[in-house]
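Note that this note's numbering has the sequence shown beginning at 10, numbered continuously upward.
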Amino acid sequence: MEPEISDRIKELYDQAQILVVDDSIFSRTLITRELLTSGFNKEQVQQAGSGREALEKIKEKTFDLFIIDIIMDEVDGIVVLKEVKRTQPAAKIIMCSSRNTEDAVQESVCIGIDSFIVKPHTAEIFQKVLYRILLSGDEAGSSQNNVMTWHAKCHVCGQKMVEVNAMDMVSFYCPRNCMKLGPWSIVLVKQSELDRIYGEAKRLEV
Numbered sequence: 010m011e012p013e014i015s016d017r018i019k020e021l022y023d024q025a026q027i028l029v030v031d032d033s034i035f036s037r038t039l040i041t042r043e044l045l046t047s048g049f050n051k052e053q054v055q056q057a058g059s060g061r062e063a064l065e066k067i068k069e070k071t072f073d074l075f076i077i078d079i080i081m082d083e084v085d086g087i088v089v090l091k092e093v094k095r096t097q098p099a100a101k102i103i104m105c106s107s108r109n110t111e112d113a114v115q116e117s118v119c120i121g122i123d124s125f126i127v128k129p130h131t132a133e134i135f136q137k138v139l140y141r142i143l144l145s146g147d148e149a150g151s152s153q154n155n156v157m158t159w160h161a162k163c164h165v166c167g168q169k170m171v172e173v174n175a176m177d178m179v180s181f182y183c184p185r186n187c188m189k190l191g192p193w194s195i196v197l198v199k200q201s202e203l204d205r206i207y208g209e210a211k212r213l214e215v
């Protein structure tokens with residue numbers, strides 16, 4: 010877990026219920042291990058080995074965070090994503106997939122996700138993304154708990170943009186599909202630079 014985090018973030022780590030959706034047992038095991046290393050416990054993390062299994066679990070329980078692969082047989086990750094947005098709209102969602110074509114990324118962003126991680130990824134990148142989502146995601150409690158509310162905004166519509174993380178580089182997509190900055194254009198942001206921006210924003214809000 011990142012150092013010097015607020016009590017509110019610690020509370021989010023302690024209480025969050027998470028569902029990892031991926032038909033690869035290797036990927037599910039890897040992501041679960043990364044979650045445990047980040048500070049969650051085994052009781053907080055459930056797995057679904059298919060999109061169909063994920064849909065069943067969504068009916069049975071409310072989750073705070075979903076980590077979803079796109080490419081799965083029968084019921085793919087986009088179907089799962091749409092069902093999550095329909096039934097559990099408050100949940101945070103990370104798409105984690107090797108399918109990182111521009112169309113696949115933009116479709117996920119437009120449906121509604123909080124971040125996209127391109128496979129393969131490192132544990133360090135995963136933890137950075139996870140921390141940033143929690144850090145910027147609790148805006149209702151930010152004024153009292155020092156949870157940072159900074160995020161990149163679309164220059165066209167002002168909407169909060171979504172991170173697409175491809176190893177050390179990050180691009181940003183607008184959920185209204187106004188514009189993008191990233192691998193398919195000429196503007197990229199390094200993880201280290203994004204860390205600096207978030208860190209500076211957090212210091213200004215304290």
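Every residue, glycine too, gets a C-beta built ideally from N, C-alpha and C.
Taken in chain order, the complete beta strand (DSSP E) segments of 3 or more residues contained in the segment 91-124 are 101-106. Cα atoms of Ala132 and Cys187: separation of roughly 31 Å, rounded to the nearest angstrom. Judged by DSSP in its simplified three-state form, Val179 adopts strand. Only buried fits Phe135, as 16 or more other CB atoms lie within 10 angstroms of its CB. With the rule of 3 Cβ pairs closer than 8 Å, the segment 25-40 does not count as touching the segment 111-125. As the crow flies, the alpha-carbon of Leu21 is around 11 Å from that of Leu74. In terms of Cα proximity to Leu44, the closest of Ser201, Ile103, Ile206 and Val171 is Ile103. Under the three-pair Cβ rule at 8 Å, the segment 84-100 does not count as touching the segment 45-56. Collapsing the DSSP output to three states places Val88 in a helix. In this structure Arg37 is buried. Its beta-carbon is surrounded by 16 or more other beta-carbon atoms within 10 angstroms. According to the DSSP secondary-structure assignment, Gln55 is paired through a beta bridge with Leu28. By the beta-carbon neighbour count (other beta carbons within 10 angstroms, threshold 16), Arg141 is buried. Distance from the Cα of Val165 is smallest, within the candidate group Ser201, Arg185, Leu64 and Lys51, for Arg185. Under the DSSP assignment, Phe75 falls in the beta strand (DSSP E) whose first and last residues are Leu74 to Ile77. By the C-beta density criterion, Asp78 is buried, having at least 16 other C-beta atoms within 10 angstroms. Inclusion of Val171 and Val118 in the CB contact set at 8 Å is warranted, their separation being smaller than that value. Using a Cβ distance threshold of 8 Å, Val179 and Gln200 count as a contacting pair.
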